[in-house]
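Taking it in order: structure first as C-alpha cells, then the write-up.
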C-alpha cells in the first residue's frame, strides 16, 4: 500500500458526500414536486369551446428524477463498499507503522478525514505533556517526510 491508496480513501469519502447531497436534493424535489399549469383551447364538459386550465405534476421530469435517484443510490452503495474495503486496508497498513505518534496522525488525517489543523489539535489533546505543541505545519511535514522515506 502506498500514499495513493490513502489519498483515494479521502477522495471516495468526498464522492460519497457529493452523492448524498445529490440524493437529498432529489428527495426534496420528489417529496414536494413543482406544480405546473397551462392553458389550452378545447371543448369543456358542457360542450362550449374555450380556454381550459390544466394543472399537475410534470410526469416525465418526475419519472426521470426517480430513475436518477435510484441510480445515485446504487452508485453510493458501491462507493461505500469500496470505501469500507479501502478503510480496512488502510487500517492494516497504519497498524503496521512503527511509531505510535505516526499511527495516530495517519488515523486522524486519512481515516477520519480531518485537516492538518484538526489533527494538530487532536494530537495536542492526546499528548498534553509534550514540550513542543503540534502545529499544522509540523503535522504536514511529518506525514510528508514519512512518504519521502518510502
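In this note's numbering, the protein residues as written are 2 to 151. Beta carbons are placed, not taken as given, at the ideal position from N, Cα and C, and that holds for glycine. Every value quoted in this text rests on a predicted model; they were computed, and no experiment measured them.
Between the beta-carbon of residue i and the beta-carbon of residue j, is there less than 7 Å?
i, j, result
"residue 76", "residue 20", "yes"
"residue 39", "residue 55", "yes"
Given this structure, state the Cα-to-Cα distance separating residue i from residue j, to the nearest angstrom.
i, j, result
"residue 127", "residue 36", "55 Å"
"residue 146", "residue 132", "21 Å"
"residue 22", "residue 68", "16 Å"
"residue 61", "residue 79", "27 Å"
I'd like the list of long-range same chain contacts for residue i, defined as Cβ closer than 6 Å, with 5 residues on each side in sequence excluded.
i, result
"residue 124", "135"
"residue 107", "95"
How is residue i classed by DSSP in three states: helix, strand or coil?
i, result
"residue 19", "helix"
"residue 52", "strand"
"residue 139", "helix"
"residue 38", "strand"
"residue 60", "helix"
Answer with buried or exposed for residue i, where buried requires no fewer than 16 other C-beta atoms within 10 angstroms of its C-beta.
i, result
"residue 140", "buried"
"residue 151", "exposed"
"residue 120", "buried"
"residue 87", "buried"
"residue 14", "buried"
"residue 111", "buried"
"residue 8", "exposed"
"residue 144", "buried"
"residue 85", "exposed"
By Cβ distance, which residues of its chain are closer than 8 Å to residue i, with the 5 residues on each side in sequence left out?
i, result
"residue 42", "50, 51, 52, 53"
"residue 24", "70, 73, 74, 77"
Does the beta carbon of residue i come closer than 7 Å to any beta carbon on chain B?
i, result
"residue 121", "The chain inventory of the structure shown lacks chain B, comprising one protein chain alone."
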